Amino acid sequence: MKQARLGDPNSADTDVAPIATEGQLARVLHYIDVARSEGARCVLGGRRADRPECGDGWFVEPTIFVDVHNRMRIAQEEVFGPVLAVIPFDTDDEAVALANDTPFGLAAGVWTTDMARALSMPRRLKAGTVWVNAYRVVSYLAPFGGFKESGIGRENGIAAIHEYLESKSVFIQPRPAISNPFTLQ
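This is how it looks when you write it as structure tokens:
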């Protein structure tokens, strides 16, 4: 992450774009302060970017926290900024329990060389998108949206069309007759 290129989000060379709004910039910086105050140790970044290529933009240095436990806000809430909280675990069951122990579920990432784990973990994680050995891969063909308090509904893909439709049931009796509306047919 030290080599992450900050810059114009329209440039293919950019790894980290600016924060979308000044209010969100303040929110991300606040989460960084909260993480420190709760005992997390910042090992990279942790401040507003002052690189020349950032100008006066709303950039935050890519940030990594260690010594994080799952009750910290940095682990429980959606930061929506370039901030990573590292929480160690020993088993797959522990990793799943940690990941699912939050009111949110927008996305998750799994890194593994074990194909059985690559196939089983996404089923176990309560997240709308799960990336395996990748992160932030997107396609307009794939539905995107969260579980739990991370949202309702989906953007993109065929699933997104359902947000614009109303379902209707129609039953037609092909034999013209007046039926009794008080009996099941």
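One point on numbering: in this note's numbering, the residue at position 113 of the sequence shown is 115, and numbering is uninterrupted.
Heads up, the beta-carbon is just placed ideally off N, CA and C, and yes, glycines get one too.
All values reported here derive from a predicted model rather than from experimental measurement.
#### Entry: C-alpha gap between Ala-51 and Phe-146, whole angstroms
29 Å
### Message
Going by DSSP in three states, Ala-51 sits in which element: helix, strand or coil?
### Response
coil
### Message
So if DSSP puts Arg-43 in a beta bridge, which residue, or which two residues, is it bridged to?
### Response
Val-68
### Query
What does Thr-104 pair with, by DSSP beta-bridge criteria?
Partner(s): none; Thr-104 has no beta bridge.
### Query
Got a sec? Which residues, its chain only, sit under 7 Å from Trp-60 by beta carbon, not counting five neighbours each side?
Pro-20, Ile-21, Glu-24 and Leu-27
### Query
Would Val-68 pass as a contact of Val-45 if the rule is Cβ separation under 8 Å?
yes
### Message
For Ser-141, tell me which candidate among Lys-128, Asn-158 and Ile-154 has the shortest Cα-Cα distance.
### Response
Asn-158
### Task
Just confirm the distance between the C-beta atoms of Asp-63 and Gly-9, as a whole number of angstroms; I'd bet it's less than 8 Å.
The residue asked about is misnamed: residue 63 is Glu in this sequence, not Asp. The Cβ separation is near 13 Å, so there is no contact.
### Message
Just to confirm my understanding: we take Glu-165, look at its own chain, exclude 5 residues before and 5 after, and list those with CB closer than 6 Å. What are they?
### Response
Gly-155
### Query
In terms of residue numbering, what span does the alpha helix (DSSP H) encompassing Leu-167 cover?
Unbroken run through Leu-167: none, as it is neither H nor E.
### Message
Just to confirm my understanding: we take Ala-97, look at its own chain, exclude 5 residues before and 5 after, and list those with CB closer than 7 Å. What are they?
### Response
Phe-91
### According to DSSP, residues forming a beta bridge with Phe-146
Glu-157
### Query
Ends of the beta strand (DSSP E) at Leu-8?
Where Leu-8 is concerned, there is no enclosing beta strand (DSSP E), given that its DSSP letter is neither H nor E.
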